[in-house]
DNA sequence: TGAATCAAGTTGTCGCTTCAACTTTCGCGG
DNA sequence: CCGCGAAAGTTGAAGCGACAACTTGATTCA
């Protein structure tokens, strides 16, 4: 740690290109969704996660873990989504300190309309420009990076290998 | 485009993991630099690009292209960096509408202090968790993604094949 | 030469994220 | 049971980036 070797030429080249992706890709996703559906990619992702759960409901903490967000960020976002009628917040009756976020009918409809354009964007800029092998490689690379991040990340792990603390 | 196929299971898995990286990694980079050096990753990157040019000087538009930023964003950032004494803005005498950004002595010193910790972070979370082959793969994947983005991106390409900074 | 056009930057505003502080609720040991 | 600490959320302030409007200087061309 006290003496970290510099990056060699190949490592540096890869890193610089990767940083460019980190910088540009989120903006591309946001632009498309904002333009076509009036929402950010993060908002879309939050609603997408909800839409895949039974009942379209998830506790805030679990939703935060699933979307890689802090509870604070999620709280603000859900507040905005609630204002637009796409999500509603329901205090859990059994446990006084948990809040359930639930996708509304309007929210589900919104997702049906927004999804095709978003998927097309993901295809155009990522999936379709990679070979099947590269897609596998990207998954493995992402996994390796996440493994080094998440234990100390904004959310302690424990979600990824979901043994289902919340029932299916 | 009117009928885009959904992502299959493997594509979806890869995308979800990659989105997590997109969401978490920038925060990790920012946190370390903010904590140890009081600057953001983007500020660091701007100064790093400057430090690698002869004279530590670059026109705003070129600096924007090299850092994948809009001119607007760069303008704000350089303004802040100037306020802290790390960069100075020098109007170009030959061309009245260009502004040159130059790294100051303080800025260079700042980079010398900040670099090791940043490199260590990049290693810990990216370079050192990948095999050499994966590093090459990441470079190729990034390149493919960028190629699909940059032509229509915030900055038209044309920088990457740099014929020399002050070429005209 | 002079109007139109484009390029290079800057600036102000707004929205989103972060950070820190705070509230409320649950669980646990004494 | 009582008190204390951790868990779950919420909130307000501050900072950064996106966007649009604007200024100013260079080009073009009729």
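Residue numbers (this note's numbering), protein chains in the order written: chain A, 834 to 1001; chain B, 834 to 1001.
Glycine included, every Cβ here is placed at the ideal spot set by N, Cα and C.
Does any CB atom of chain A fall closer than 8 Å to the CB of residue i?
| i | result |
| --- | --- |
| residue 958 of chain B | yes |
| residue 972 of chain B | yes |
| residue 901 of chain B | yes |
| residue 955 of chain B | yes |
| residue 837 of chain B | yes |
| residue 952 of chain B | yes |
Could you tell me whether any Cβ in chain B is nearer than 8 Å to the Cβ of residue i?
| i | result |
| --- | --- |
| residue 968 of chain A | yes |
| residue 947 of chain A | no |
| residue 907 of chain A | no |
| residue 976 of chain A | yes |
| residue 804 of chain A | Limits of chain A in this structure are 834 at one end and 1001 at the other, which puts residue 804 of chain A out of reach. |
| residue 941 of chain A | no |
| residue 842 of chain A | no |
| residue 883 of chain A | no |
| residue 979 of chain A | yes |
| residue 963 of chain A | yes |
Is it the case that the Cβ atoms of residue i and residue j are separated by a distance below 8 Å?
| i | j | result |
| --- | --- | --- |
| residue 903 of chain B | residue 878 of chain B | no |
| residue 979 of chain A | residue 850 of chain B | yes |
| residue 970 of chain B | residue 967 of chain A | yes |
| residue 870 of chain B | residue 953 of chain B | no |
What does a CB cutoff of less than 7 Å around residue i pick up in its chain, not counting 5 residues either side in sequence?
| i | result |
| --- | --- |
| residue 885 of chain A | none |
Which residues in the same chain have their Cβ closer than 8 Å to the Cβ of residue i, if we skip the five residues on either side of it in sequence?
| i | result |
| --- | --- |
| residue 848 of chain B | 840 |
| residue 883 of chain B | 889, 890, 891, 896, 920, 934, 935, 936, 940 |
Quick one: residues in its chain with C-beta nearer than 6 Å to the C-beta of residue i, no 5 flanking neighbours on either side, listed in chain order?
| i | result |
| --- | --- |
| residue 943 of chain B | 919 |
| residue 872 of chain A | 866 |
Segments of 3+ residues assigned as beta strand (DSSP E) that fall wholly inside the segment 931 to 989 of chain B: 932 to 936
If you measure beta-carbon to beta-carbon, which residues of the segment 845 to 872 of chain A are closer than 8 Å to chain B? 846, 847, 848, 850, 851, 852, 853, 854, 855, 856, 857, 858, 859, 860, 861
Got a sec: which bits of the segment 910 to 924 of chain A sit with their beta carbon under 9 Å from any beta carbon on chain B, in order along the chain? none
Closer than 8 Å, Cβ to Cβ, to anything on chain B: give me those residues from the segment 928 to 940 of chain A, in chain order. none
Whole alpha helix (DSSP H) runs in the segment 880 to 918 of chain A with 4 or more residues, listed along the chain? Counting only unbroken stretches of 4 or more residues, the alpha helix (DSSP H) elements lying wholly within the segment 880 to 918 of chain A are 893 to 899, 904 to 916, in sequence order.
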